[in-house]
Every structure is written in C-alpha cells, then in structure tokens.
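Enquirer:
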Amino acid sequence: MMQTPFLKQLAQSLLAKHGNQLSDICLVFPNNRAGVFFRRFLSESTDKPVWSPVILSIGDLVARHSAYIKPDKLTLAFDLFEAYNTLFKKKFGQEQTFEKFYFWGEMLLKDFDEIDKNLIDAARLFEDLSEQKELDFTFEDFLDEDQKHLIQSFWSSFQADQRGSDFREQFLQMWRMLPEVYELFKQKLVEKGRAYEGMMFRELSEKMQNTDFTPLWSNVIFAGFSVLTRSELNLIEAFVKRGGDAFWDVDAHYVSSSRQEAGMPFRKIAKNPILKNTLPDPLPNHFQPETESKQIELIGVPLQAAQGKVVGELLSQLPAPDLRLNTLVVLPSQSLLFPMLHALPQNIARINVTLGYPIRSTPVYSLFLHLRSLHKTAKISANGNAAFFYKPVLDLLRHPFILYYNNMKAVANIRDIEESNRIYTSLFRLKEQDDFYSLLFRPIADTDALFEYLLTLFPMLATSMRGSLNEDSHTMEEEYLFVAYTQIQAFRNLLTERKITIPLENAWVLLKKMIESLSIPFRGEPLEGLQVMGLLESQTLDFENIIIPAMNEGQLPPTPPQGSFIPINIRRAYGLHSPEEHDAQYAYYFYRLLHKAKRIYLIHNTESTADLKSEISRLAYQVQFELGYPVTIRTASAQAMPLAPTPISIPKTGEVKALLENFLTKNNQEKRRLTPSGINMYLNCSLQFYFAQIAQLQEPETVSESIDAATFGNLLHETMQYLYVRLRAKKKNRDVEAQDFETLFSWIPEIFAEVFRKEFDIPQKEEIIWEGKNLIIRNVIYKYVRQILKIDSTYAPFEILGLESGKDYLHDFPLTVDGQPQAVQLKGIIDRIDRKGNLVRVLDYKTGKEEMYFSEMEELFKSGVPKKAIMQTFFYGLLYYETQPEARDAETVLNVGLVLTRDLFDKEYSAENSYKFEMGAKAPRQRLSEISHLLPEFKQLLEGTLSEIFDDTQAFTQTDDLSRCVYCAYKSLCHR
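Mapping to full-length UniProt numbering: the sequence shown position 227 is 227, numbers consecutive.
The following block contains the structure:
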C-alpha cells in the first residue's frame, strides 16, 4: 500500500477540523489540477454529503480580487509598445517601429511582471540599472564600431554615425526612460481596465496590508507551495493572520540539511515569524530505507526515441490497476511527448496528458517555414508573375498537409520538376492547376496580402483534411492549424486596431516568433488512466509508480530561463528569482514526487548530440548516493551488427534472358538497341548494366542546383547543333565558310536561350531569370561556343554532314548467339560529322576530363581502364562506316576524335590536329590521321564483348573494384 497521498491527508485534516461545513473555506493550490484530485480524495474521505470548499489556483485567487481584466500576451505587447513609443517620440523626436520593439518588448514585459510580483520599487531598481550601465560606459573610448552596432541592433534607435558623448548619452537615456515606460504602461492599462498578472498580485498584496480591506474569503488555506515570490509570500502571511492556514508537502531529508537545495524555500519559511508555525512538526520523513522499501532503477538509454521505447517497456510490465490510477510519467521536456506516445503498449486504454505540445514540433510550423522560404526566394517579374525556387516548392509539395489535399497531383508535380531539373517554377507550369494551387503559389506583395494568404490557406487545408484522415488524426491536425490561425488573426486585428503597418519581411519574422511560442493543449480525463505531466503540473500529486526520462543536466533541473534586462547582480540585490532558486524549485518538485512512490524509474540519455547532453543529472546521483536505498543501474542499448553483404549474381535465364534478347533483331518487340554508353557500363560492371539496361531501373530524379556534367554537355552540344542547323537552313546547303561566322556569333544569345528553355522546360511566355546559377551557365557556354566557332573559322571552309539532331545511326551487328546467327541492334547519336576535302571527321564534344591516347585496341575493351570516350568515338566511327556508303569509298579518309572543351583555350590548340587520338604503348605515340585500318580489329573486340553479354553461362555480377561503386546510382541495392 502506498502511503496516504498529501491531498488525501489535506482532505482528512480539513474534515477533522471543520466537519462537513467546508463551503466557507477557499483552498488555494499552485495549479488547477491539484483541485481536481483533491475533490476525489475529499469524496473518498467521508461517507456523508459535504459542501466542497472553493478551490482556486493562486492566480485565480488574485484575479477574483481584481477589477481588471488580464489580456493576452500579444495585446499586452501592443499596449507596452504604445507607451514606449509615446515616450520615445517625446525624447528622441522619432517613432519606434513595432517590429523592432517586439522582440525586446517581450523581455521587458517579463521584467515588469517579475518586478511587481516581487513588490520591487521599480524606480529605484531602474535607477540602479541605469547607473550600472553608465559604469559600463566609463571606458567609452574603447567601445568599437562592432559593439556600437550590436547596441544599435538591440535598441533599434541609434544612428550609425553617432560618436562619443552623444552616443553615450542617448544610450543612457534609453535606460533612464524605463521607469517612465513602466509607469505610463501601467497607467494606460488601468485606463483600459486591464492589468498584467504582476500588477494584480501587487495590488492585492498591498490591499491585504490594509486592515480595512475585506477579502472575498476570510478562511483561505494555501497548500503545496514551495518557492514563493514576495507578493505570494505576503498574501499567504496576510491570509494566515486573518485566520487562514498553510499546508506544506515537505520532508526532513532536504529541509533539515542546508546542503540540500530542494529545502531552500522551506528553510526560509522556518525563519518566517508568521509562517514558521504552519510547517509540520515534526517534519515528515518519507525516506526510511530501514522500514519503507522503494524500488529505484537508473537506466541509461541512447537519445530520445530510445527513451520513449524504454518508457513503453516499463509501462507494459506494470499491472493493469496501476496503469489506471497509480502511475505517472513525468516529461521534463515537451520534445519527449511523441516518442513516448508512439511507444505506449496496447494495454493502456486511457491516457491523460496535461502538458502542451509545442507547435514548433508540429507540421503546421514546418508548413509556415516552407511558405516563408517559398516567397522569400521567389522572383517577381515586371508583369507580376512569380517564379519560385525549387527547394521550397518541393518541400511544400511533399508536406503532409499538401499531400492530404491531393496526393496524386503533388506527386505528379514533384516528378515533373525533378525530371526537368527545373530550378525555378511558376504556377502555370504546375500540372492540373486549381484554386488551391493558385492560392498556394500566389505572389505576396505586402503585409496585408500575407495575412489574407495565410488566413485563406489554413482553413482550406483544414477542410481538405476532413476527408483524408481518420477522425482522431484530423482532429489533431486541424487543432494545429486552428491555433496558428487564431494567433495570425489576432495579430492582424491588433495591427489594424492600432493602425500599425510593418514591412512584409518583418511580418514573416514576427509571425514566426509568435507561432513558434504557441503550444497545443491536450485534453483527457484527469482522474483516469495513465497520467503524463510536466514537473510543474505534478505539484501536490502522489503516485505509486514514477517514470522520469531525460534525467540529464540541462533537462532536470532545466537550464534557467534567459532573457532579462536585469543583470544577475541586481537580481540578487533585489531578491528577484535567481538561478539558485530556479534549481532549488525543480529539485523540490523532483524529491516531492519520490515521497510516496514505491517504484521509481529514472531514465537518462547516454549519448551527447548538439541538442542533448549525456551528463547524468545531479539529482539522479543524489538519489543514488544520499537516500540510502539500493539503486539498480543498467544500460539499455540496441547494438546493430552490420550484416556481411551477400554477393549478387543474376543468371541469364528465364525472364532475364527474354529481356536480354530484346536487343536482337529477331525479337525486337520493344525496339531495344545497345549504345556505346551501355557497352561501357557493361565493361565497368556487368551488374550495373543489368540494372540499367535489362531491368531498366530508373535512377532517382533530383533537382541539381550546381549543373551536372551531362546537362552542361547537353547545353553545349545543342547550342552548337542549333547554330549549324540554322545556318544550313538559311543557306540551303551544308557548306560552312569563313564569312558565315559573323552571323553565327550574332545568333549565340538567341540560340542558347532556345536551348536553355528546352533543357529546363521553360515555356516561351515565361521569362528566363538570368542570375545566379543560370547566369554562370550562360556565360560559360557563351565562352565555349565562341571559342569553338573561332577554331572552326580557322578550319573553314568545310561541310557539315551530320549533327546530333539529324538522325540516329542504327546498325544490326552480326553475332552468333546460342549457336544461331543473330544480329545485335546498335545505335549511336553522333555530335558532329564534317568533311573537308576527302577527310571525314566523326567528332564528339566532351566537357569533362578525358584521355586522348591508348596503347592498343584491346585496351578500349578492358574493364576498369578509363578509355570510355575513345571506345565511344570509335563506336560512332564504326556506325558511320557501316551505314554510310560514301564512308567506304576508296578516296574517303575517315577519322574520329574528341573536341575537349578544357583544351580549347590552349595556345597550341589546332583544328587540324588537336581532336586526334594518339596510339602507342609509350611516347612518342602515333597521332591517328584515319581509322579505317583499325576498324576490323575494333569490330572483332566489340564482337567478343557482345558475345560475353549474350553468353548464358556468364551471370551479371558485381565488380570487385569498389572504387567504381562510389558514384553508381545502384550502390544502395548492392549495399556498397
């Protein structure tokens, strides 16, 4: 049996002292949840009808005694801005802007609230603060420009050219103005019938010092408090003096020892002349290892997801009755909530979650960030059309909320953008446009348009979800959108009401700040099922089973909150909340949970990341070494042993053989043809050849910001091709003469734009954005094309026989397969074929690094030898030779070669010779002037490779050279 819970002890004490007449009592707890549990214990503690006391949180008690209304934080921020701006304009002759004020205005609100809750003389504190700032400026001559700009960004009011005493004086005036801001702000709030919480606490605390003031209840009992502000302390003292009482949930272990930080607030109570008698005497001792057993485990787990899994495993081991009522999971961090919920065992039918979930961890926040990125990177043309950068477009189309709207449409647009490698896209280039997509990709011109955009988009998304998800899921998703929508609407209304305008980009920034600070409240039955809470919500509550993950420094106790204008030395001097009190408060929350618990599981992270520490919380160490109970220490880890990759071998049987035979003329249903790229792929790795050519597995499409070599090559090839095609059409012949090049040079911009549109699928009605990557590509291509034309002009006159777009060169190559005569269908797309006199050149443009020499023909077909471009060009030469009768004329001199863009600007580059290959084992090698005499050997070697490809006895296997796998698109299939 668990010891009697604190709230049940309180109920029994009140019944014993007051009987069933409790209606005149006001019972005040640190939070509202305690009141729910108290009512249950009160009903369990008597079998007679009883009038319940009035039950309030301390904030509600104060609000009940105030004539003012507490507005939301955003409204308070606008009210503070009005007061601040009035004084700022009066002192400095200019107005402050809300967007610059908001970020430090929030901090000022917190300071004002804390000053009032601690009954501080604000004028005196701000005077001391300004004097300290003046001391900080004693050595103003040493303040450099960076420091001045830092201060300028902080206060948002200084001019960059201010110097010396003027700069110092204005800075100090800002601090001296704070008392006036404080007073004017409160005055304006009172005029509007408003007050922030600190004002209400100060007001009631001061009223209670007046004996003529009559509170709403004379018998007010405070229960379960710990660290108190000065106003809270005054209120408790005042009500106790008027006949009230206070109950403290404490233990001798930490109160009696000055070394225990958890007892700090109660050692202060023990010295208070009014409240010291309210402490229990003797102090309870819940930690008695000799007579009271506690099962305590300290479990180390790597990272958050694993901690959630361990929580689920621990819950699955507890008996069902305990899960219904006696078990509490405490989450020091909100980020642990979903890892824990996803790991809950199936035997948990009910769960009550009291802590809110941060909206920054929900899909609506990521949606907002994607929308902001979409419009921040948009390019608006002169006619008002917008082109959007591909990254936020793809992020949006992959977002679950957009997929809920229309999954098929989103996927189709993603595929279209990736396949076309489209860096910028616009609304009219999206497939199946509708009202939703028209809204989603609508340009935003100003802040009013931004609000209209978001406040229209979010309801449309919520409506689309209702038919896409199950009821529970879409309720949660809609809640995310509703909370964000409400905040955006409130912000817009306040801007309109106060007649404040802010720039568009600043509106995005402010909305981000506001949305990320929101949380989603969860609802549940507080008295049934597994309880999941934060430490603050657990005050006054007792459970038999306690599970606490994140028992690491920085999470429990959490890092003290930052963000105050009041430095630590002044905070301590005025008795404001200090880091020591912060740690003491959380230490108390922790120890109090252990008072009545029988089973305690403390889970800590064992691996450090950028966001998480692996250092065990000092509170866990205190439990281990100071409480006197045995502590079981264990580490839960999942060690994944890498599996040895199994070699992959694809035999040429059945369906594989049938697919392979599609390359033969007898079986040409699919009209499959082998290209030199496919043969080079086979020489590199036969399994890669199988994946790409036989199974036809598509490489995953991605959009590349940095243009890849293939795309760059396409742009160069097609620009050259289009130039000569246009020239041929204009002249109505294939001749290229020296006088033609002036015209060719003038066509480059127009031709390249046409090629660029084709490559990136840009419609004629859409303007090309020549900036960034596009501009760099254009300039580089221009440079190469001009140089090629310049070199060609030295080679003119010549005749263009063929270009890449002219035709595919097809050839049925005789081959014996399975003892039967067959023919393998070959294909090549040749960049350029020209003729000068009796010399015919088959040329291939290459933008990469390629070798121009080889030792012997066999080398071109050796696996792993980097002679791909040479083999490919000889392949083209063979196709031309076999398919064009004039190539076989006795007078024709046939040669092949590469035009390497890397060499074009070499002073020694020659149109007559630089394209030629060199052959020989070592220098000096023979420069090839024609290849007809080499083609028979090339055919023989090609035949051997093709025979191997179609040989049933040789399976498709992985290469043994892992260096070839580095850039292979299929390496994940091979586990390499």
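For every residue, glycine included, the Cβ atom is placed at its ideal position computed from N, Cα and C. Computed from a predicted structure; not experimentally measured.
1) To the nearest angstrom, how far is the alpha carbon of residue 75 from that of residue 527?
2) Are residue 546 and residue 593 closer than 8 Å when you measure CB to CB?
3) Over what stretch of residues does the alpha helix (DSSP H) that includes residue 678 continue unbroken?
4) Kindly confirm or deny that the region 820 to 838 and the region 673 to 686 touch, where touching means at least three C-beta pairs closer than 8 Å.
5) Between which two residues does the beta strand (DSSP E) holding residue 545 run?
6) For residue 460 versus residue 487, is the C-beta distance shorter than 8 Å?
7) May I ask you to report which of helix, strand or coil DSSP gives residue 956?
8) Once you ignore the five residues that flank residue 235 on each side, which residues in its own chain have a CB closer than 7 Å to its CB?
9) In terms of residues, what are the limits of the alpha helix (DSSP H) holding residue 264?
10) Relative to the C-alpha of residue 183, which residue among 781, 221, 123, 309 is closest?
11) For chain C, find out if any of its Cβ atoms is closer than 8 Å to the Cβ of residue 418; answer yes or no.
12) Between the alpha carbons of residue 531 and residue 327, how many angstroms are there, rounded?
13) Have a look at 97, 600, 464 and flag the residue whose alpha-carbon is nearest the alpha-carbon of residue 435.
14) At what residue ranges does the region 775 to 822 contain a whole run of the beta strand (DSSP E), taking only runs of 3 or more?
15) For the pair the region 348 to 368 and the region 393 to 401, tell me if three or more CB-CB distances fall below 8 Å.
16) CA-CA distance, residue 665 and residue 812?
17) Using 10 angstroms around the beta-carbon of residue 942, count the other beta-carbons present and answer buried if the total reaches 16, otherwise exposed.
18) Report back the beta-carbon spacing between residue 876 and residue 836 to the nearest angstrom; my notes put them in contact at under 8 Å.
19) By alpha-carbon positions, which one of 339, 270, 803 ends up nearest to residue 728?
20) Give me, in chain order, the residues of the same chain whose beta-carbon lies closer than 8 Å to that of residue 752; leave out the 5 immediate sequence neighbours on both sides.
21) Under DSSP, the alpha helix (DSSP H) around residue 366 begins and ends at which residues?
22) If you scan the region 509 to 589 from start to end, which runs of the alpha helix (DSSP H) of 4 or more residues do you find wholly inside it?
23) Using the three-state DSSP reduction, which class does residue 845 fall into: helix, strand or coil?
24) So, helix, strand or coil for residue 464, using DSSP?
25) To the nearest angstrom, how far is the alpha carbon of residue 8 from that of residue 16?
26) Are the CB atoms of residue 390 and residue 424 within a distance shorter than 8 Å?
27) Can you grab the Cα-Cα spacing for the pair residue 744 / residue 956, in whole Å?
28) Could you check if residue 421 is buried or exposed, using at least 16 other CB atoms within 10 Å of its CB as the buried criterion?
29) To the nearest angstrom, how far is the alpha carbon of residue 538 from that of residue 966?
30) Once you ignore the five residues that flank residue 485 on each side, which residues in its own chain have a CB closer than 6 Å to its CB?
31) So, at 7 Å on beta carbons, what are the nonlocal neighbours of residue 155 in its own chain, with the 5 sequence-adjacent residues on each side left out?
32) Determine contact between the region 497 to 511 and the region 555 to 569, defined as no fewer than three beta-carbon pairs at a distance below 8 Å.
33) Sort out for me which residues DSSP pairs residue 221 with in a bridge.
34) Check whether the region 32 to 51 touches the region 61 to 79, counting contact only when three or more Cβ pairs, one atom from each stretch, lie closer than 8 Å.
35) Distance check for residue 453 and residue 161, CA to CA, integer angstroms please.
36) Go to residue 438, then tell me how far its alpha helix (DSSP H) extends in each direction, as first and last residue.
Expert: Judging by the given coordinates:
1) One alpha carbon belongs to residue 75, the other to residue 527, and they sit about 35 Å apart.
2) Yes.
3) Here the alpha helix (DSSP H) through residue 678 covers 676 to 684.
4) They touch, by the three-pair rule.
5) Note, residue 545: beta strand (DSSP E), 545 to 548.
6) Not closer than 8 Å, so no.
7) Note: residue 956 maps to strand in three-state DSSP.
8) Within the same chain, residue 235 has close Cβ partners 204, 205, 208.
9) Per DSSP, residue 264 belongs to the alpha helix (DSSP H) from 264 to 270.
10) Measuring from the Cα of residue 183, the nearest candidate turns out to be 123.
11) In the structure shown, chain C does not exist; there is a single protein chain.
12) In a straight line, the C-alpha of residue 531 is about 6 Å away from that of residue 327.
13) Closest option to residue 435, judged by alpha-carbon separation, among 97, 600, 464: 464.
14) 798 to 803, 809 to 817, all fully within the region 775 to 822.
15) With contact defined as three or more Cβ pairs closer than 8 Å, the region 348 to 368 and the region 393 to 401 are in contact.
16) Residue 665 and residue 812: Cα-Cα distance of roughly 7 Å.
17) That one is buried.
18) About 18 Å separates the two Cβ atoms, so there is no contact after all.
19) Nearest option by C-alpha distance: 803.
20) Closer than 8 Å at Cβ, skipping near neighbours: 715, 719, 778, 781, 782, 785.
21) Where residue 366 is concerned, the enclosing alpha helix (DSSP H) stretches over 363 to 376.
22) As summarised for the region 509 to 589, the continuous alpha helix (DSSP H) elements at least 4 residues long and confined to that stretch are 568 to 574, given in chain order.
23) Reduced to three states, the DSSP call for residue 845 is strand.
24) Under the three-state reduction of DSSP, residue 464 is assigned to helix.
25) It is roughly 12 Å from the alpha-carbon of residue 8 to the alpha-carbon of residue 16.
26) Contact: yes.
27) Residue 744 and residue 956: Cα-Cα distance of roughly 48 Å.
28) Under the 10 Å beta carbon count, residue 421 is surrounded by 16 or more other beta carbons and is classified as buried.
29) Using only the alpha carbons, I get a separation of about 54 Å.
30) Excluding residues within five positions, the ones whose Cβ falls inside 6 Å are 458.
31) Per-residue confidence for residue 155 stands at a pLDDT of 46, beneath the threshold of 50, marking its modelled position as unreliable; the derived number appears in the next sentence. The beta carbon of residue 155 sits closer than 7 Å to those of 174, all from its chain and outside the five residues before and after it, given in chain order.
32) Here the region 497 to 511 makes no contact with the region 555 to 569; the two share fewer than three CB pairs at distances below 8 Å.
33) Beta-bridge partners assigned by DSSP to residue 221: 27, 245.
34) No, the region 32 to 51 is not in contact with the region 61 to 79.
35) Bear in mind that a pLDDT of 44 at residue 161, under 50, signals an unreliable position, so the model cannot answer this.
36) DSSP places residue 438 in the uninterrupted alpha helix (DSSP H) bounded by 435 to 440.
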